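J.:
Residue numbers (this note's numbering): 4 to 354.
Here's what the structure looks like:
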């Protein structure tokens, strides 16, 4: 590490220590991130990925408990004959028999001396370090949310490149907890058996519009079927790029928004189509975006920053307890293993 880089990095460590009310020497040991710093970091993670800004990322005190029921809930209108019984208020956020459990996720990163030497030339040196860590955490959360199927004691990135073994994500929660809201697979005991939803001539559906309309009618609760906030989150293989011209909006970070989430001007089955990063390529998820949540447990973000000259790098070890939550399964429909083609008898005969 160059002398100028060392000076800039030491200033970064001093700022990090000050924010977390610890001595600089303590940063190389595991320390608990200050609550206000943790909240700021969570906000930065959410803002660094467009998709995360549209869902709920919220703190919880307990490691496990009842869902918060954010964004969705039951109906509350009703009548009561008060001559025979008292009026009973309804908690619209109460999700019966559904609980969350926050599990530890490690976000450990490396910054080489060479990279730090390059960044030391810029005035925003500390911001670049923060952004490198924050952006990857944001994208990994999206990846886990759409692809996580289990939590292994020790995850294997080589065998599970989409972080399938870090935590159970939203789609897996739907498969296991609400199998009646899934089309194209069956899940028993945590094991999913793929089926097939054939779309095209001779298939079960003529087109994707028909798939979406049937899924809404059959899998979405009647309370939500006409909800204006329902969207279709799509896999990339289902829709060509030309189907997704970006919505023209005057907004900050429009290029960044375009990089990790694309919103279609067209509709699928009457619903707005959204293509999010790392979503399974041959699947559809119909829901409200605020029906998806990430809970993080307060006072569980631990961190350690170690200067490792033996490897010419800085090592940042970070962890937090978190859970991926579908607030109301009645407002979710998952269609997966979609096959598009010609399934007519003539096509099969010619194959």
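Just so you know, even glycine gets a beta-carbon here, dropped at the ideal spot from N, CA and C. From a predicted model like this one, the values you see are computed outputs, not experimental measurements.
#1: Could you name the residues of the same chain whose beta carbon sits closer than 8 Å to that of residue 125, not counting the 5 residues immediately before and after it, in chain order?
#2: For residue 347, tell me which candidate among 320, 36 and 205 has the shortest Cα-Cα distance.
#3: Pair every Cβ in the region 151-160 with every Cβ in the region 133-140, then say whether three or more of these pairs are closer than 8 Å.
#4: Residue 333 and residue 219 - do their beta-carbons sit closer together than 9 Å?
#5: Can you tell me the Cα-Cα spacing of residue 32 and residue 161, whole angstroms?
#6: What are the residues that DSSP puts in a beta bridge with residue 188?
#7: For residue 68, which residues does DSSP report across the bridge?
#8: To which residues does DSSP link residue 87 through a beta bridge?
#9: Starting from residue 298, follow its DSSP beta bridges and name the residues at the other end.
#10: Tell me the DSSP secondary structure of residue 271 in three-state form.
#11: Do you know how far the Cα of residue 173 is from the Cα of residue 277?
#12: For residue 171, list the residues DSSP reports as bridge partners.
#13: Which residues bound the alpha helix (DSSP H) around residue 223?
#14: Roughly how many angstroms lie between the CA atoms of residue 197 and residue 239, to the nearest whole one?
#15: When DSSP labels each residue in this structure, what does residue 142 get in the three-state scheme?
#16: Apart from the five residues just before and just after residue 274, which ones in its own chain have a Cβ nearer than 8 Å to its Cβ?
#17: Out of 175, 201 and 40, which one is the CA nearest neighbour of residue 189?
#18: Among the residues of its own chain, which have a CB less than 7 Å from the CB of residue 284, if the five just before and after it don't count?
#19: Cβ atoms of residue 34 and residue 25: under 9 Å apart, would you say?
#20: Classify residue 192: buried if its beta carbon has 16 or more other beta carbons within 10 angstroms, exposed otherwise.
#21: Can you say whether residue 49 is buried or exposed, counting buried as having 16 or more other CB atoms within 10 angstroms of its CB?
#22: Measure from the alpha carbon of residue 119 to the alpha carbon of each residue in 15, 144, 179 and 70, then state which is nearest.
T.: According to the structure data:
#1: Residue numbering aside, residue 125 sits at position 122 when the chain shown is read from its first letter. Correct list, in chain order: 131.
#2: The residue given as residue 347 occupies position 344 in the chain shown. Of 320, 36 and 205, the residue nearest in Cα terms is 205.
#3: no
#4: In the chain shown, counting from the first residue as 1, residue 219 sits at position 216. In the chain shown, counting from the first residue as 1, residue 333 sits at position 330. No, the Cβ-Cβ distance between residue 219 and residue 333 is not below 9 Å.
#5: If you number the chain shown from 1, residue 32 lands on position 29. If you number the chain shown from 1, residue 161 lands on position 158. One C-alpha to the other measures close to 29 Å.
#6: Against the chain shown, residue 188 aligns to sequence position 185. 197.
#7: Locating residue 68 in the chain shown gives position 65, counting from the first residue. DSSP lists 103 as partners of residue 68.
#8: Along the chain shown, one-based indexing puts residue 87 at 84. Its beta-bridge partners do not exist; DSSP assigns none.
#9: Counting from one through the chain shown, the residue named residue 298 turns up at place 295. In DSSP, residue 298 forms a bridge with 61 and 326.
#10: Taking the chain shown and counting its residues from 1, the one referred to as residue 271 is at position 268. In this structure, residue 271 counts as strand in the three-state DSSP scheme.
#11: In the chain shown, counting from the first residue as 1, residue 277 sits at position 274. In the chain shown, counting from the first residue as 1, residue 173 sits at position 170. Roughly 16 Å separates the two Cα atoms.
#12: Sequence index remark: in the chain shown, residue 171 carries index 168 (1-based). Residue 171 pairs with 152.
#13: As a working mapping, residue 223 is identified with position 220 in the chain shown. Counting along the chain, residue 223 falls outside any alpha helix (DSSP H), and DSSP gives it neither H nor E.
#14: Within the chain shown, the letter at position 194 stands for residue 197. Within the chain shown, the letter at position 236 stands for residue 239. The alpha-carbon atoms of residue 197 and residue 239 are separated by roughly 19 Å.
#15: What you label residue 142 is simply residue 139 of the chain shown in a count that begins at 1. If DSSP states are grouped into helix, strand and coil, residue 142 belongs with the helices.
#16: Numbered from 1 along the chain shown, position 271 holds the residue referred to as residue 274. Here the set comprises 215, 219, 233, 234, 235 and 289.
#17: Taking the first residue of the chain shown as 1, we reach residue 189 at position 186. For the residues 175, 201 and 40, the minimum Cα distance to residue 189 belongs to 175.
#18: Within the chain shown, numbered from 1, the residue matching residue 284 stands at position 281. Only 238, 239 and 240 meet the Cβ criterion.
#19: Here residue 25 is taken as the residue at index 22 of the chain shown, counted from 1. Here residue 34 is taken as the residue at index 31 of the chain shown, counted from 1. Taking 9 Å as the Cβ cut-off, residue 25 and residue 34 qualify as a contacting pair.
#20: Here the question's residue 192 lines up with position 189 in the chain shown. Classification for residue 192: exposed.
#21: Translated into the one-based positions of the chain shown, residue 49 becomes position 46. Buried, because 16 or more other Cβ atoms sit within 10 Å of the Cβ of residue 49.
#22: As a first step, residue 119 must be located in the chain shown, where it is residue number 116. Residue 15 is the option with its Cα nearest to residue 119.
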